[in-house]
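Below: the structure, in structure tokens.
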Amino acid sequence: MRGPSPRLGERSRAERGEESLKCLPAGRWRSGAESGARRTRAAPAFLRSPPDPRRTHAGQKTLLDAALRRHLSRPAALPRRRAAAGSPAPRRAAPPGSGRHGPGAERPWPRFPDALRPFEPGPDGGGGGGRVSPRQRRDASAGLYRGRRCRMESCFDFALCRKNGFKVYVYPQQKGEKIAESYQNVLAAIEGSRFYTSDPSQACLFVLSLDTLDRDQLSPQYVHNLRSKVQSLHLWNNGRNHLIFNLYSGTWPDYTEDVGFDIGQAMLAKASISTENFRPNFDVSIPLFSKDHPRTGGEKGFLRFNTIPPLRKYMLVFKGKRYLTGIGSDTRNALYHVHNGEDVVLLTTCKHGKDWQKHKDSRCDRDNTEYEKYDYREMLHNATFCLVPRGRRLGSFRFLEALQIPSTIRSIHQDKILALRQQTQFLWEAYFSSVEKIVLTTLEIIQDRIFKHISRNSLIWNKHPGGLFVLPQYSSYLGDFPYYYANLGLKPLPTFTAVIHAVTPLVSQSQPVLKLLVAVAKSQYCAQIIVLWNCDKPLPAKHRWPATSVPVIVIEGESKVMSSRFLPYDNIVTDAVLSLDEDTVLSTTEVDFAFTVWQSFPERIVGYPARSHFWDNTKERWGYTSKWTNDYSMVLTGAAIYHKYYHYLYTHYLPASLKNMVDQLANCEDILMNFLVSAVTKLPPIKVTQKKQYKETMMGQTSRASRWADPDHFAQRQSCMNTFASWFGYMPLIHSQMRLDPVLFKDQVSILRKKYRDIERL
Numbered sequence: 001m002r003g004p005s006p007r008l009g010e011r012s013r014a015e016r017g018e019e020s021l022k023c024l025p026a027g028r029w030r031s032g033a034e035s036g037a038r039r040t041r042a043a044p045a046f047l048r049s050p051p052d053p054r055r056t057h058a059g060q061k062t063l064l065d066a067a068l069r070r071h072l073s074r075p076a077a078l079p080r081r082r083a084a085a086g087s088p089a090p091r092r093a094a095p096p097g098s099g100r101h102g103p104g105a106e107r108p109w110p111r112f113p114d115a116l117r118p119f120e121p122g123p124d125g126g127g128g129g130g131r132v133s134p135r136q137r138r139d140a141s142a143g144l145y146r147g148r149r150c151r152m153e154s155c156f157d158f159a160l161c162r163k164n165g166f167k168v169y170v171y172p173q174q175k176g177e178k179i180a181e182s183y184q185n186v187l188a189a190i191e192g193s194r195f196y197t198s199d200p201s202q203a204c205l206f207v208l209s210l211d212t213l214d215r216d217q218l219s220p221q222y223v224h225n226l227r228s229k230v231q232s233l234h235l236w237n238n239g240r241n242h243l244i245f246n247l248y249s250g251t252w253p254d255y256t257e258d259v260g261f262d263i264g265q266a267m268l269a270k271a272s273i274s275t276e277n278f279r280p281n282f283d284v285s286i287p288l289f290s291k292d293h294p295r296t297g298g299e300k301g302f303l304r305f306n307t308i309p310p311l312r313k314y315m316l317v318f319k320g321k322r323y324l325t326g327i328g329s330d331t332r333n334a335l336y337h338v339h340n341g342e343d344v345v346l347l348t349t350c351k352h353g354k355d356w357q358k359h360k361d362s363r364c365d366r367d368n369t370e371y372e373k374y375d376y377r378e379m380l381h382n383a384t385f386c387l388v389p390r391g392r393r394l395g396s397f398r399f400l401e402a403l404q405i406p407s408t409i410r411s412i413h414q415d416k417i418l419a420l421r422q423q424t425q426f427l428w429e430a431y432f433s434s435v436e437k438i439v440l441t442t443l444e445i446i447q448d449r450i451f452k453h454i455s456r457n458s459l460i461w462n463k464h465p466g467g468l469f470v471l472p473q474y475s476s477y478l479g480d481f482p483y484y485y486a487n488l489g490l491k492p493l494p495t496f497t498a499v500i501h502a503v504t505p506l507v508s509q510s511q512p513v514l515k516l517l518v519a520v521a522k523s524q525y526c527a528q529i530i531v532l533w534n535c536d537k538p539l540p541a542k543h544r545w546p547a548t549s550v551p552v553i554v555i556e557g558e559s560k561v562m563s564s565r566f567l568p569y570d571n572i573v574t575d576a577v578l579s580l581d582e583d584t585v586l587s588t589t590e591v592d593f594a595f596t597v598w599q600s601f602p603e604r605i606v607g608y609p610a611r612s613h614f615w616d617n618t619k620e621r622w623g624y625t626s627k628w629t630n631d632y633s634m635v636l637t638g639a640a641i642y643h644k645y646y647h648y649l650y651t652h653y654l655p656a657s658l659k660n661m662v663d664q665l666a667n668c669e670d671i672l673m674n675f676l677v678s679a680v681t682k683l684p685p686i687k688v689t690q691k692k693q694y695k696e697t698m699m700g701q702t703s704r705a706s707r708w709a710d711p712d713h714f715a716q717r718q719s720c721m722n723t724f725a726s727w728f729g730y731m732p733l734i735h736s737q738m739r740l741d742p743v744l745f746k747d748q749v750s751i752l753r754k755k756y757r758d759i760e761r762l
């Protein structure tokens with residue numbers, strides 16, 4: 001808590017009251033004796049800056065005399081807030097046994113029409129601003145107070161979402177309308193997502209193409225006449241099923257939360273929104289991000305290693321502006337009381353605006369000098385906690401800046417600091433590191449509110465990989481995902497389903513696909529085999545397939561494209577999928593060992609053929625290599641095991657543009673799957689054994705499977721790498737030097753002591 005300044009505290013009570021009244025503008029507050037409302041002692045207030053009764057943020061405090069604090073704590077002193085909530089102000093009950101005007105009875109607090117009105121900024125805002133007309137005042141509150149009672153049940157039409165699911169429509173951009181780059185990034189994130197639809201008749205949610213991010217009238221990005229433009233939209237329907245994104249609202253000096261037009265029944269995805277105006281389970285509170293915030297990808301967090309104890313050079317830090325006039329100064333003005341220049345470094349500067357020197361106080365010179373001594377980035381990287389006080393608005397850029405450094409979450413117990421720091425990194429990378437993630441998180445939250453029966457729980461949102469990669473349409477049971485086995489105390493099913501991708505006609509009983517089918521069927525872990533027939537020739541007769549001890553299901557692909565091998569087929573009943581090309585050469589022992597390894601790493605790709613990526617400085621682009629080196633970043637799906645959930649994620653999460661590219665080239669589907677899994681897990685795949693050759697060398701060069709011999713094949717894969725990296729916004733592939741071999745592999749001991757002895761003979 002903050003108390004009066006030391007100099008004021010040394011004076012007598014009478015001197016403090018007299019000095020307090022001198023500090024107030026005329027007409028702001030008069031003592032009870034002057035007003036005639038109360039003939040007891042005066043209750044003066046010493047205010048650094050007038051509080052705004054419409055804001056409830058904890059960072060906004062005032063220094064009040066004790067007598068006034070007692071009066072303001074009474075319920076009757078807050079008629080405006082209760083009236084706004086739609087309930088009358090309660091009467092203060094008299095003490096038991098005392099009459100209304102009896103001796104010793106407490107005098108009732110006078111019920112002014114608006115008890116907090118004296119504290120509001122006047123037309124000049126306390127800072128010399130221009131006068132505001134009554135019409136402007138009505139317009140200012142139009143978008144703020146209407147629809148305050150809106151909730152999903154009362155202001156949202158669920159029927160629009162039942163037929164086509166959660167689809168989002170973005171209004172076409174109107175000719176001549178200016179759109180800031182930040183809002184363009186917001187719209188691009190929606191249009192590039194799986195939720196987007198260009199058909200308004202299929203939409204569940206509507207987003208304006210009119211720029212609503214910056215509603216500060218003094219901003220060059222401010223869009224004029226927005227009210228009439230919005231009302232003219234034929235699908236507006238008083239804002240029903242509409243979502244409005246906003247970062248800045250109101251303007252100097254009071255910075256209200258007005259967006260400048262009547263939002264009706266629209267939902268707000270808004271930064272700097274107070275608890276008083278936030279509509280629970282309807283609006284979405286988003287962080288304030290700058291115009292330089294990345295559109296996709298974003299930087300990773302800076303937590304590179306864990307130190308125990310997790311203490312750093314500074315315990316608590318802050319560096320920012322201290323406003324000398326207007327709203328937003330109270331908390332920052334008090335920071336110097338806590339600053340010690342050692343482990344608590346809280347720095348403020350008065351250098352704000354062109355005329356800051358006209359308003360400078362006695363602390364400005366000292367504060368400015370101390371401010372220049374410290375580097376902001378150095379403080380962030382070496383702090384245990386970062387303070388994020390409010391500024392002019394409730395939101396602050398400091399939130400995202402500190403979140404990336406993993407030190408912003410408040411903690412009480414020191415033993416939890418490391419866990420909180422790790423959780424901060426997860427939150428940054430999962431939801432806040434780019435505009436796209438902020439927008440998609442907003443849409444996913446709204447989707448959960450609409451389809452409550454499959455909404456994600458707190459474990460999904462707060463544990464890796466996060467809510468954006470765990471699609472509730474796949475399953476409502478956490479055990480069906482590869483990320484929660486340890487949390488649930490479970491293990492994946494002890495069997496796998498082999499999916500063989502066949503593109504060559506069956507003309508001989510000695511073809512590699514038949515040899516592969518027999519070898520896989522002999523595995524003790526094989527539950528069934530699915531042959532995906534993507535060949536132009538008709539299906540072979542049933543007697544052409546070899547007899548096996550496990551079921552063999554042949555599925556004829558309808559589209560016969562490369563992406564069809566990753567469709568979420570209902571026939572796959574096991575957790576694990578063994579993905580195989582028809583010309584892959586694997587023994588039963590190799591299949592068994594690979595599956596045993598995967599059971600310990602069910603969220604990763606585990607397999608044999610490894611590839612790598614690199615950055616080509618000469619061409620300034622990503623490169624693809626198949627050279628045999630000491631590290632790798634991909635395991636190709638021609639001979640790999642992974643969880644079947646990745647079939648669903650590949651089909652429903654990735655955009656149609658990437659899958660269409662794969663299908664047109666008949667190439668790169670294995671690279672795209674590696675990109676996806678690494679982006680989700682933030683981990684590399686796992687290669688098993690040292691086997692180099694996994695393809696059948698006897699394949700005819702005229703078959704479709706001989707695409708590896710195509711000279712354009714390698715060039716296409718180079719191009720795919722850069723296209724995929726561009727969509728993800730960064731390079732998700734991670735290099736690894738780990739290879740897992742069987743115990744006693746190549747050791748000079750008896751072969752009889754080795755479980756996977758056949759692998760050494762290959």
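1 is the number of the first residue of the sequence shown in the UniProt record's numbering; add one for each residue after it. Backbone N, C-alpha and C fix where the C-beta goes; we use that ideal spot for every residue, glycine too. Treat the numbers as computed from the prediction; the structure is a model and nothing was measured.
Assigned with DSSP and collapsed to three states, residue 155 falls in helix.
Residue pairing of residue 739 in beta bridges, as defined by DSSP: 687. In the structure shown, residue 614 adopts extended strand secondary structure according to DSSP, grouped into three states. Residue range 576-581 is occupied by the beta strand (DSSP E) that includes residue 581, with no alpha helix (DSSP H) assigned at that position.
Residue 623 carries a strand assignment under DSSP once its states are collapsed to helix, strand and coil.
Note that the C-beta distance between residue 566 and residue 673 is below 9 angstroms. Taking 3 residues as the minimum length, the beta strand (DSSP E) runs contained wholly in the stretch 312-350 are 314-321 and 344-349, in order along the chain. A residue is called buried when at least 16 other Cβ atoms come within 10 angstroms of its Cβ; residue 628 does not meet this threshold and is exposed. In the DSSP assignment, residue 640 falls outside any alpha helix (DSSP H) and lies within the beta strand (DSSP E) extending over 639-643.
One thing to note: residue 233 has its Cβ within 9 angstroms of the Cβ of residue 171.
Taking the C-beta atoms as reference points, residue 484 is found nearer than 9 angstroms to residue 463.
Counting C-beta atoms within 10 angstroms of its own C-beta, residue 267 has 16 or more neighbours from the protein chains shown and is therefore classed as buried. Taking a contact as a CB-CB distance under 8 angstroms, the pair residue 278 and residue 235 does not count as one, their CB atoms being some 26 angstroms apart.
DSSP places residue 432 in the helix class (H, G or I) of the three-state scheme. Excluding sequence positions up to five before and after residue 297, its CB lies within less than 7 angstroms of the CB of 434, 728, 729 and 730, all in the same chain and listed in chain order.
The Cβ atoms of residue 215 and residue 147 lie no closer than 9 angstroms to each other. With three or more CB-CB distances shorter than 8 angstroms, the stretch 661-681 counts as touching the stretch 604-612.
Counting along the chain, the unbroken beta strand (DSSP E) around residue 501 starts and ends at 496-502. DSSP places residue 607 in the strand class (E or B) of the three-state scheme.
Beta-carbon to beta-carbon, residue 690 and residue 739 are separated by about 7 angstroms, close enough to satisfy the 8 angstroms threshold. A Cβ-Cβ separation of about 5 angstroms places residue 574 in contact with residue 497 under the 8 angstroms criterion. A residue is called buried when at least 16 other Cβ atoms come within 10 angstroms of its Cβ; residue 176 does not meet this threshold and is exposed. By the neighbour-count criterion, in which 16 or more other beta carbons inside 10 Å mark a residue as buried, residue 749 falls on the exposed side. Secondary structure note for residue 661: its alpha helix (DSSP H) is the uninterrupted segment 656-665. In the DSSP annotation of this structure, the continuous segment of the beta strand (DSSP E) that includes residue 246 starts and ends at 242-246. When DSSP states are grouped into helix, strand and coil, residue 169 belongs to the strand group.
The bridge partners DSSP lists for residue 205 are 168. Around residue 315, the same chain offers 343, 344, 384 and 385 as residues with beta carbons nearer than 7 angstroms, after the five sequence neighbours per side are excluded. Of the residues 491, 622, 443 and 713, the one whose Cα lies closest to the Cα of residue 204 is 443. When DSSP states are grouped into helix, strand and coil, residue 372 belongs to the coil group. Non-local beta-carbon contacts of residue 439 in its own chain, meaning distances under 7 angstroms to residues more than five positions away in sequence, involve 186, 189 and 190 in chain order. Taking the C-beta atoms as reference points, residue 713 is found no nearer than 9 angstroms to residue 633. One thing to note: residue 523 has its Cβ within 9 angstroms of the Cβ of residue 588. DSSP places residue 469 outside both helix and strand once states are collapsed to three, so it counts as coil.
A Cβ-Cβ contact shorter than 9 angstroms links residue 576 with residue 595. The stretch 243-262 and the stretch 218-229 touch, with no fewer than 3 CB-CB distances between them shorter than 8 angstroms.
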